[in-house]
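For the protein sequence lines, the chains are X and V, in the order given. Just add 714 to the spot in the first sequence (first one is 1) and you have my numbering. Just add 494 to the spot in the second sequence (first one is 1) and you have my numbering. Reviewing the structure listed below.
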Amino acid sequence: MVNGINLLLQFLDSFAFIVLAAIGLAIIFGMMDVINLAHGEFIMIGAYGTTMTYNAGAPLPVAIAAGVAVTTVAGLVLERTIIHRLYDRPLDSMVATWALGLALTQAARILFGNSLNSIGIPLGAISYGQFSYSLYRVLLAGVAIAVLVAAYLVFTRTEFGVRARATIQDPETAAAMGVETGRMYTITFAIGSALAGLAGALYAPTMSVVPGMGSSFLVEAFVAVVTGGTSVLLGTTLAGGVLGSVDALLSNLYGTFVGQIGLLIVAVAILRFLPTGLSGVVETVRERRERDAA
Amino acid sequence: MSDDGVSRRRFLAGGAALAGATVAGCSGDSAAGTSTGAGGTVKLGVLEDQSGNFALVGSPKHKASLLAIEEINNDGGIMGQEIEYFDPDPQSDNQRYKELTRRMIQQENVDALWAGYSSATRETIRPTIDREDQLYFYTTQYEGGVCDKNVFAVGPTARQQLGSVLPYLVSEYGPKIYTIAADYNFGQLSADWVKVLADENDAEVVDEEFIPLSNSQFGSTINRIQEADPDFVMSMLVGANHTSFYEQKASAGLDVPIGTSTAMAQGYEHRRLNPPAMANIYAGVNYMEEVPTDRNTGDGGFVDRYYEMWPDAPYLNEEAENNYFSIYMYKKAVEQAGTFEQSEVVEALESGITYEAPEAPEGESIRLDPETHHVDHHMWVMKADDQHNVSAVEDEVIPETFLTETVGCDLTSEDEETQYTPQDYFEEAG
Chain X
715 MVNGINLLLQ
725 FLDSFAFIVL
735 AAIGLAIIFG
745 MMDVINLAHG
755 EFIMIGAYGT
765 TMTYNAGAPL
775 PVAIAAGVAV
785 TTVAGLVLER
795 TIIHRLYDRP
805 LDSMVATWAL
815 GLALTQAARI
825 LFGNSLNSIG
835 IPLGAISYGQ
845 FSYSLYRVLL
855 AGVAIAVLVA
865 AYLVFTRTEF
875 GVRARATIQD
885 PETAAAMGVE
895 TGRMYTITFA
905 IGSALAGLAG
915 ALYAPTMSVV
925 PGMGSSFLVE
935 AFVAVVTGGT
945 SVLLGTTLAG
955 GVLGSVDALL
965 SNLYGTFVGQ
975 IGLLIVAVAI
985 LRFLPTGLSG
995 VVETVRERRE
1005 RDAA
Chain V
495 MSDDGVSRRR
505 FLAGGAALAG
515 ATVAGCSGDS
525 AAGTSTGAGG
535 TVKLGVLEDQ
545 SGNFALVGSP
555 KHKASLLAIE
565 EINNDGGIMG
575 QEIEYFDPDP
585 QSDNQRYKEL
595 TRRMIQQENV
605 DALWAGYSSA
615 TRETIRPTID
625 REDQLYFYTT
635 QYEGGVCDKN
645 VFAVGPTARQ
655 QLGSVLPYLV
665 SEYGPKIYTI
675 AADYNFGQLS
685 ADWVKVLADE
695 NDAEVVDEEF
705 IPLSNSQFGS
715 TINRIQEADP
725 DFVMSMLVGA
735 NHTSFYEQKA
745 SAGLDVPIGT
755 STAMAQGYEH
765 RRLNPPAMAN
775 IYAGVNYMEE
785 VPTDRNTGDG
795 GFVDRYYEMW
805 PDAPYLNEEA
815 ENNYFSIYMY
825 KKAVEQAGTF
835 EQSEVVEALE
845 SGITYEAPEA
855 PEGESIRLDP
865 ETHHVDHHMW
875 VMKADDQHNV
885 SAVEDEVIPE
895 TFLTETVGCD
905 LTSEDEETQY
915 TPQDYFEEAG
């Protein structure tokens, strides 16, 4: 039997995981057309920064901020040295970022060994009947929503956001209007890196912190970006909602394995029947309505 | 592959070792030991993962092998011959295992080979081993059932590991069992063994869940366990992603006792995770660093010698001891045979060789079973408390009975190369 509270909490849990895993990848892919195959390793950097800062004695919120900062800097350095040479070369950038991912994993192993001592999950549990759920994981759903809102505000309400979107839509015109497009790309990449780092930082206490940990975010991240479609924030939100519901319902009823299979089947179905993704459907509907109104 | 590629990899591996400062006190050259220059030499192949996914659990095996080799060499070698060894890093990559195994046998002409962590690796190289009739030691705890003339599977099997911890938990907590296991052949077969053992101990598996190896989120699994409300959980989760389960169940307040054949003894989760993630977890193992025998934790014992050679090593795990004692068993067999000739060494290994392994208490030794090439281990039930202190709650010798009694494998009279599974013999496992 399905317990309603279980289902709700698992939905929030899945939603948070999908959104946080995907948002950095979605921004870098959606805004810059770079498929960052080192996304998992950026997440790993965030987790390592957080765990090492925490183990050095800092409180968890400070450690999370440090993890995000480290990943942002790493993203900036890699963008300036490697990634920026590969804009407009999507296949080359895939190969390069994939190699980068391998190198980062092995570098973490060489520098810091095979695993780090864990932080431990803070905040305890909420109990209801015979069940209980980790409070921290519920809190992550709140963080995921806050991240989506913040990203929305940054990209729609700030001057940077307007320039960044102008750069994406028409780089030449934007440049002609005085936008430094190179700088826009660099900053966008840094924001994407920071959000990947945030995912790693937030999930570091809940996971085993090892060099290859990034790979466990990849399925959800890539599936969410692909099913989300062209509009970055709307797509990520919708993908988190739809895929999170499917995952929560199926894994509650039949276990984790069926939940993951369900996730992939839904992704295939979306790609087959809604080739522009979830956000594409919403935008089509919106355009039609605007046309009808006019 | 060009020589250049190989040497650059070596360079990286060397860098890894240096960065970890793990080479301190190590006299062995990473590429190969030194030859005595005398007429015959003995050469051992050691293929254990020092990088990649299995590095965490594989590098203690590598280190303990080198400890055994150094001890034997300091003590005059085997029949007066210093041991040479060849130990390239297979990097947790089965394709590399395949190439390196071929190279070990055809170019390096190793006299005996220790190789591989996972069952998948063993099955990748076993055809090569069998084609070349190479003497091979597989030392990881595993699902059991390999009856192969060339293979000495000296780690404990699922029947031995689960057979130590499951009956103990049934008598302590009750008969309702919930199984969670990794979703591949090891986990599936182990779950079958839980059903067989539950049946033998008048217990019942109320539900089971198989978790994909890539999964690291356990919210729904925890809820499903709470709903089933078992007396205890049997966990055969594997790998870094699955380790997250223990932290997540502690944080969610799930405090049901857990029996396991995979946690703590291999990946030392009780050292890596914050307490109380591993509280109330019972591991059925033949060895872990905390096994309280004089040979192990006593002054100058196995643990002391290991950390003297490898001061920065994080842990001494179950499989490390298996590599260690099996190298000594090999030495005993060679000395008994009076030759390094592999077929004669195999014959000597099939004569009921025993060794005073660190897992066995004073006055006891463990015995290599001639018919099955498995070991009658001294098994321990080790419990972690809420501070992650580990202590022994039960111990006994458990022979490997699946191959001897159920299958009837007898390698001394019949030359076989088969792996048997419990489904072939037990209705409950179906």
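Glycine is no exception: its CB is placed at the ideal position from the N, C-alpha and C atoms. As the structure is a computational prediction, the values presented were derived from the model and not from experiment.
Within-8 Å CB hit, residue i to chain V
i	result
TYR762/X	no
SER959/X	no
PHE874/X	no
ASN831/X	yes
ALA839/X	yes
THR795/X	no
ALA730/X	no
MET927/X	yes
TYR768/X	no
ASP727/X	yes
VAL933/X	yes
ASN720/X	yes
VAL776/X	no
VAL924/X	yes
Residue i - containing alpha helix (DSSP H), residue span
i	result
MET803/V	796-803
GLY702/X	Since the first residue of chain X shown is 715 and the last is 1008, residue 702/X is not available in this structure.
LYS557/V	549-568
THR887/X	885-890
THR895/X	895-917
LEU774/X	774-795
ASP961/X	946-968
VAL690/V	679-694
Proximity test, Cβ basis, 8 Å: residue i and chain X
i	result
LEU550/V	yes
ALA759/V	no
GLY610/V	no
THR715/V	yes
GLN682/V	no
ASP677/V	yes
ALA685/V	no
GLU576/V	no
GLU910/V	no
ASN588/V	no
Proximity of residue i and residue j at Cβ, strictly below 8 Å
i	j	result
MET728/V	ALA676/V	no
ASN720/X	PHE845/X	yes
LEU978/X	VAL924/X	no
THR950/X	GLY942/X	yes
GLY763/X	SER907/X	no
ALA839/X	ALA773/V	no
THR848/V	ASP642/V	no
LYS555/V	GLU542/V	yes
ASN588/V	GLU576/V	no
ILE742/X	VAL733/X	no
ASN717/X	ALA549/V	no
Rounded Cβ spacing between residue i and residue j (contact assumed at less than 8 Å)
i	j	result
VAL551/V	GLN881/V	In fact, because the Cβ distance is near 24 Å, the residues do not count as touching under 8 Å.
THR787/V	GLU856/V	7 Å
ALA697/V	ILE775/V	In fact, because the Cβ distance is near 18 Å, the residues do not count as touching under 8 Å.
VAL699/V	THR673/V	6 Å
Segment limits, beta strand (DSSP E) that includes residue i
i	result
TYR630/V	630-632
ASP889/V	884-892
SER848/X	845-848
ASP870/V	869-878
SER729/V	726-730
GLU537/V	The residue you asked about is not Glu; residue 537/V is Lys in the sequence shown. That run of the beta strand (DSSP E) goes 536-541.
GLN913/V	911-913
Amino acids of chain V, ordered along the chain, whose beta-carbon sits closer than 7 Å to that of residue i
i	result
ILE759/X	What ILE759/X touches in chain V: nothing, since even the nearest Cβ is about 16 Å away.
THR920/X	SER738, GLU741 and GLN742
SER848/X	GLN742, SER745 and ALA746
SER965/X	SER714
Within chain X, the residues that residue i reaches when beta carbons sit closer than 8 Å
i	result
PRO706/V	THR970, PHE971 and GLN974
ARG718/V	ASN966 and GLY969
GLU703/V	GLY969, THR970 and PHE971
Contacts of residue i in chain V (Cβ-Cβ under 9 Å)
i	result
ILE835/X	GLU741, GLN742, ALA744, SER745, ALA746, ASN768 and ALA771
Under 9 Å from the C-beta of residue i: neighbouring residues of chain X
i	result
GLU721/V	MET715, ASN717, ASN720, GLN844 and PHE845
Contacts of residue i in chain X (Cβ-Cβ under 7 Å)
i	result
ALA814/V	None at all; the shortest Cβ gap to chain X is about 14 Å.
GLN600/V	The premise fails here: GLN600/V is roughly 29 Å from chain X at the closest Cβ pair, so nothing lies under 7 Å.
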